Amino acid sequence: MTSTTAPLTGSRAETADRVIAAMAGPDARLREDQATAVGALCEEGARVLVVQATGWGKSAVYWAATAVRRSEDAGPTLVVSPLLSLMRDQVAAASRAGLTAATLNSSNIEEWSAIEAALRAGEIDVLLVSPERLANPGFGRRVLDGLSGRLGLLVIDEAHAVSDWGHDFRPDYRRVSDVLQKLNPATPVLATTATANERVTEDVAHQLGEATLVLRGQLARASLELSVVDRLSPLERYAWVVDQLPHLEGSGIVYALTVADAERLAAAIREVHGDTLPVAAYTGQLDAARRHELEDALRANRLKALVATSALGMGYDKPDLGFVVHVGAPPSPVSYYQQVGRAGRAIEHAHAVLLPSDADAGIWDYFATATIPVPEQVRAVLDVLDRSAGEPMSVPAVEAQTGVRRGRVELMLKQLAVDGVVDRVEGGWVGTGTPWTYDAEHYDGVVAVRRREADIMRAYVRGERCLMELLQESLDDPAAEPCGRCSVCRGGLPDALLGEASAETVRKVTALLRGQVHLLEPRKMWPGGAFGARGRIPAEESHDVGRSLVFADAPEWRESVAALFARDAPAPADVTDACVRLLSQWATVWRSRPEVVVDLSTSGLPQMTGSVADHLASVGRLDRATLAGPTSAPDLREMSSADEAAYWRDHLDAGPVAGTVSGRVVLLVVDASSSLWPVTLASAVLRRAGASAVLPLLLHRRP
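If you count by the UniProt record's numbering, then the sequence shown holds residues 1 to 703, one letter each, in order.
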């Protein structure tokens, strides 16, 4: 899809050049494609999609276009961007360009009123918001309605997220087109991304309009040296990073697939290297202020690396980033290209290293279907909204009445809003009366595409051919060709990279991670809904702060956990010995020493769970009892929180052990849980049976 556009000339060209010189130096000028995009955006109703490599200068297009349009008395620019880090960088860039920019996000709520007043007064040239903020009805009422008819330019950054064919589909992004139509169809629109293949490009262009101008460039990055270090176990990957990090030039990012991995790996690096190699974990669980602090520390090279989840990705700008290491492969070559593209933007050489594992495939399978609606669940949600007779319902209320987990409900409602089936209003969600049908052909196609992308990542890991060429082809880059510098083209790893981890480092990391303390905080509230009770859990029915032996997919316990849960047999010595060590450390903070050990199996492994309890009772000279529970539990993963809590309440009986636990401190041994409801409900029934306190020990806190 293409359109013709007038060249950028005269005063418009002078204004654009002045902006670029202010941002990039006195001799900087717009490149040909940049000037073409800016020229197009100076026309009413223009639609432009820019697909260019990271570092090409996509943001320069909208700063220049904003300056030109503002000089011609157009209204302000609205930039929809995904990350706070991008917004902060862009506000600073706008200032250099002589423009006034502001952002409305969760980290500056106290500034919203002043910013909105300045926007109404015409004092702001650029407003940056997240897609979630754009979809918020309160924001629409206060801000977007005020911009109606006078928006000068709409920018959709990281526009691949608009398409559910893309690797980072976000339903809130699909609301952008709705907002556009409500504001003014004549408003020029710019969409930008570095990671869109042909199918995603066509989808986004179609959503923008039939006359969309698509500017697509080459995606190869000559500064990146791609490598794969294969055949390492999950724990050896940690050790490899610990050994290799001091030898990588500059500062960089080490990506992990989960929050737990990021935190554990950062701890391992700090344990071995101390202050000589400063690192920090960066995850979506950090508050905005801490994220800003860490981003700035890496940018200023006060940190050697951030050990990060994908929360640090789109929008983070450090042109001299020297390396990107992935401990685990992302599910898509497109998302992998996006993340490694953070490195080597303004330097001649940067390493991009992938440390894969056979455990990655399970995560890929999850992401392939995570955003696909389940028809039965959708119908349950719509039935509940229909019964509300137009009264807005909150996500927790929908969860309680449908039995569908909260995160799933939230995603589903956003997807249904895209199709106009539901609407988000102040106070919650309502149905619109528009019928919904499951588009099986479309969603089957989306899953098939994601599984093909996973196959490409397998080919990348196997090193079937040039790594850069493979990434380019996954993005349908017609200029794809062998790079001559990756580990496949070179026939092996470069001299600067290790091929394995030292046995001594593996030993140190194992000891460190197995010695970490994982607290088990008590739940505070009953879930309501199917459980029938809500509100605070009484102190007399709650447990003390407990401990977990294995947290999530801990690499230091991988083989042991696999053996532990493979069949019902006595627990191996390394597990029982570790439990004894854990209790020895825990004993220093006990209010009272346990007097009786009670076990509860949630996984159909009573012999294994009982053997751990028996060992602890023997070592500690404690009495023993077993809490009566279900002989086999159903699959609890798709149950709502309230349904699972109700299940455990209805299947636990402390009657047979009441005489043993009454007036005594109980050490409760539970084999595995992710929700903690079996621990919570078992503690409650033991307390009701007379236990003076319950100290829970959970063998595996599942992710």
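Ideal Cβ placement from N, Cα and C applies to all residues, glycine included.
Here the structure is a predicted model, which is why all the values come from computation and not from measurement.
Contact between Thr103 and Asp125 does not hold, since the beta-carbon distance rounds to 13 Å and is not under 8 Å. Shown here, His543 sits in coil according to DSSP, grouped into three states, outside any helix or strand.
The way I'd put it, the segment 229-239 does touch the segment 499-514; three or more beta-carbon pairs between them come closer than 8 Å.
Per DSSP, Gly610 is one residue of the alpha helix (DSSP H) stretching across 606-620. A contact between stretches requires three or more CB pairs, one per stretch, nearer than 8 Å, and the segment 376-386 meets this requirement with the segment 406-415. Minimum Cα-Cα distance from Ala196 among the listed residues Gln401, Val404, Ser560, Gln472 corresponds to Gln472.
Taking one beta carbon from each stretch, the segment 529-538 and the segment 665-676 have fewer than 3 pairs nearer than 8 Å; the two do not touch. Cβ-Cβ distances below 6 Å link Tyr173 to Pro131, Ala161, Val162 in the same chain, with the five nearest sequence neighbours on each side left out; the list follows chain order. Secondary structure of Arg567 (DSSP, three-state): coil. Unbroken alpha helix (DSSP H) runs of no fewer than 4 residues, entirely contained in the segment 158-228, are found at 171-183, 198-208, following chain order. In summary, Tyr460 is buried, with 16 or more beta-carbon neighbours lying within 10 Å of its beta-carbon over all protein chains present. DSSP places Arg465 in the coil class of the three-state scheme, outside both helix and strand. Burial of Glu295 is indicated by the presence of at least 16 other C-beta atoms within 10 angstroms of its C-beta. The beta carbon of Ser601 sits closer than 6 Å to the beta carbons of Thr609, Asp671 from its chain, once the five residues preceding and following it are set aside; these are given in chain order.
With respect to Thr212, Leu49 sits close: the two C-beta atoms are nearer than 8 Å. When secondary structure is reduced to three states using DSSP, His349 falls in the coil class, being assigned neither helix nor strand. Between Ala454 and Trp364, the C-beta gap is smaller than 8 Å, which places the two residues in contact. Put simply, of Ser618, Ser640, Ile156, Arg514 the residue whose alpha carbon is nearest the alpha carbon of Val404 is Ser640. Around the beta carbon of Tyr336, 16 or more other beta carbons sit within 10 angstroms, so the residue counts as buried. In the DSSP assignment, Val241 falls within the unbroken alpha helix (DSSP H) covering 234-244. Our two residues, Gly252 and Val324, have alpha carbons roughly 6 Å apart in a direct line. The segment 123-162 is shown to contain whole alpha helix (DSSP H) runs of 4 or more residues at 131-134, in chain order.
One thing to note: Gly146 has its Cβ no nearer than 8 Å to the Cβ of Ala74. Assigned with DSSP and collapsed to three states, Ser560 falls in helix.
Nearest to Cys466 by alpha-carbon distance, out of Arg485, Pro478, Leu497, is Arg485. By the criterion of a C-beta distance shorter than 8 Å, Ala37 is surrounded in its chain by Val48, Val50, Val61, Ala65, Leu190, Leu213, Leu215, once the five residues flanking it on both sides are discounted.
With fewer than 16 other beta carbons inside 10 angstroms of its own, Lys524 counts as exposed. With 16 or more neighbouring CB atoms inside 10 Å of its own CB, Arg687 falls in the buried class.
Closest in alpha carbon position to Leu232, among Pro522, Ala501, Glu541, is Ala501. Using a Cβ-Cβ distance cut-off of 8 Å, the segment 508-522 and the segment 556-572 are in contact, since at least three pairs of beta carbons, one from each stretch, lie closer than that value.
Judged by DSSP in its simplified three-state form, Asp653 adopts strand. For Met639, there is no enclosing alpha helix (DSSP H), as DSSP marks it with neither H nor E. Thr103 carries a strand assignment under DSSP once its states are collapsed to helix, strand and coil. One alpha carbon belongs to Ala346, the other to Val272, and they sit about 31 Å apart. Here the segment 326-334 lies against the segment 352-366, with 3 or more beta-carbon pairs under 8 Å apart. Secondary structure at Ser113: helix, using DSSP grouped into helix, strand and coil.
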